[in-house]
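Numbering (this note's numbering), first residue to last: -5 to 416.
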């Protein structure tokens, strides 16, 4: 297996990820002030703001679900290009058009559609660049870099948004977002030129795999999507029941929450960078190792939930804040290993003809997991310690399922190799 990327591939990856970085910067810039903007500029009540805010995310999710399929069936490049064109136009519309509710909401709806057109298809472009074939597993490092790119936007945008608002007013945020949107469009157009220079295996109709390999990929895909619901439900409690526990157990909870948010922004970025370096240095990557990354991440997350569940006895031995900080860092490490591995596994196991659609499905699964978070809050109200034990059990079930998937995959691959030797 050849892990070496040629110059066209490396250039394509740089342009694509940089384009995505500016798109995320623009997005997080406005998300940092969107609620306040809707209340202050449009004079909307909090209930209406909550409705529009949820609808904005809902439209992104709905468009994402179908834009990947649209990319599979039509010209994926044109669809993503259309999305990138919509972004700066809508940012400028919000900045310059009158602050009338229906005008602003319409612009936000079109903006959400533009973002949805981009999200699943750009992941397919990234995976395609690695030109994997057969049982080659070489693209995970690119998906870690993709996660770093998204996190970089989340790290830089909020303080920049505050600075712009305090220094130049709230409209300056939309103007800068429009500038970032234009940069992302320009970089994507350059990426398009570079992408067309690559002799892409994924774009070749002759790139067919045998029936047994298809069956294996289907098993991996369905399993990862199902297991992903369990994992995301538990890990995303970091932003809900975890916060409830801090408020109940710790004095000056707001200070600790701010500390944890700061830790997440920087530590997550560092861990992802180290993970990317580690993967690049691996001589060979296979399904077994990818599943191991997920299992290790799940072990870290279980340890984090056990720490919180044992808070009362542990607080007599360890500083109370230290317990939450340690558990939070463990969850960050877990997400560092799990998120890119699952994202890549879904891309790699998807059929070539429907990679975009299944990326949309995977993003929809994440949204579905988020919609179930309230179950954790209900459980927390009944018994706080038991709540975190249940999260740990859910993740333990995920580990057992991943181990079973790993065994099935190894057996199937061995069978495929034996058939090749005959």
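All C-beta atoms in this analysis are idealised placements derived from N, C-alpha and C, irrespective of residue type, glycine included. None of the values given here were measured: they were computed from a predicted structure.
Cβ neighbour criterion (16 or more within 10 Å) applied to residue i
| i | result |
| --- | --- |
| residue 45 | exposed |
| residue 246 | exposed |
| residue 371 | exposed |
| residue 220 | exposed |
| residue 82 | buried |
| residue 188 | buried |
| residue 48 | exposed |
| residue 118 | buried |
| residue 315 | buried |
| residue 14 | buried |
| residue 122 | buried |
| residue 30 | exposed |
| residue 241 | exposed |
| residue 98 | buried |
| residue 17 | buried |
| residue 260 | exposed |
| residue 163 | exposed |
Backbone CA spacing between residue i and residue j [nearest angstrom]
| i | j | result |
| --- | --- | --- |
| residue 32 | residue 394 | 46 Å |
| residue 251 | residue 291 | 23 Å |
| residue 353 | residue 134 | 15 Å |
| residue 396 | residue 289 | 7 Å |
| residue 428 | residue 317 | In the structure as shown, the chain begins at -5 and stops at 416. Residue 428 is therefore absent and cannot be evaluated. |
| residue 310 | residue 323 | 21 Å |
| residue 53 | residue 106 | 6 Å |
| residue 218 | residue 333 | 11 Å |
| residue 4 | residue 380 | 48 Å |
| residue 77 | residue 181 | 13 Å |
| residue 235 | residue 382 | 9 Å |
| residue 408 | residue 276 | 22 Å |
| residue 229 | residue 325 | 7 Å |
| residue 262 | residue 330 | 7 Å |
| residue 68 | residue 61 | 10 Å |
| residue 328 | residue 216 | 22 Å |
| residue 104 | residue 346 | 29 Å |
| residue 211 | residue 344 | 7 Å |
| residue 225 | residue 336 | 10 Å |
| residue 406 | residue 279 | 17 Å |
| residue 319 | residue 254 | 7 Å |
Per-residue DSSP class, three states only, for residue i
| i | result |
| --- | --- |
| residue 153 | helix |
| residue -2 | coil |
| residue 277 | coil |
| residue 194 | coil |
| residue 69 | coil |
| residue 417 | As displayed, the chain neither begins before -5 nor continues past 416, which places residue 417 out of reach and without an answer. |
| residue 343 | helix |
| residue 35 | coil |
| residue 375 | helix |
| residue 27 | coil |
| residue 313 | coil |
| residue 366 | coil |
| residue 397 | helix |
| residue 14 | helix |
Close-in-space but distant-in-sequence residues of the same chain around residue i (CB under 8 Å, 5 per side omitted)
| i | result |
| --- | --- |
| residue 38 | 32, 46, 95 |
| residue 418 | Residue 418 cannot be examined here, being either before or after the span of the chain that is shown, -5 to 416. |
| residue 108 | 76, 77, 78, 79, 80, 81, 84 |
| residue 71 | 186, 189 |
Close-in-space but distant-in-sequence residues of the same chain around residue i (CB under 7 Å, 5 per side omitted)
| i | result |
| --- | --- |
| residue 400 | 282, 285 |
| residue 19 | 147, 150, 151, 174 |
| residue 138 | 266, 269, 270, 273, 334 |
| residue 141 | 266, 333, 334 |
Cβ shell of residue i (< 6 Å), same chain only, five flanking positions each side left out
| i | result |
| --- | --- |
| residue -5 | Reliability of the predicted coordinates at residue -5 is poor, the pLDDT of 40 falling under 50, and the value obtained from them is presented with this limitation in mind. Here the set comprises 130. |
| residue 65 | 73, 115, 350 |
| residue 50 | 102, 106 |
Residue i CB to nearest heavy atom of the ligand MG below 6 Å
| i | result |
| --- | --- |
| residue 394 | The ligand content of the structure shown is nil, which means the ligand MG is not present either. |
Length at least 4, wholly inside the region 224 to 310: the alpha helix (DSSP H) runs in chain order: As for any alpha helix (DSSP H) of minimum length 4 sitting wholly inside the region 224 to 310, the runs are 235 to 243, 247 to 275, 281 to 303, 305 to 308, ordered along the chain.
Uninterrupted alpha helix (DSSP H) stretches inside the region 58 to 112 (no shorter than 4 residues): Taking only runs of at least 4 residues, the alpha helix (DSSP H) segments lying wholly in the region 58 to 112 are 70 to 90.
Completely contained alpha helix (DSSP H) runs for the region 118 to 173, where each covers 4 or more residues: You should have 134 to 162.
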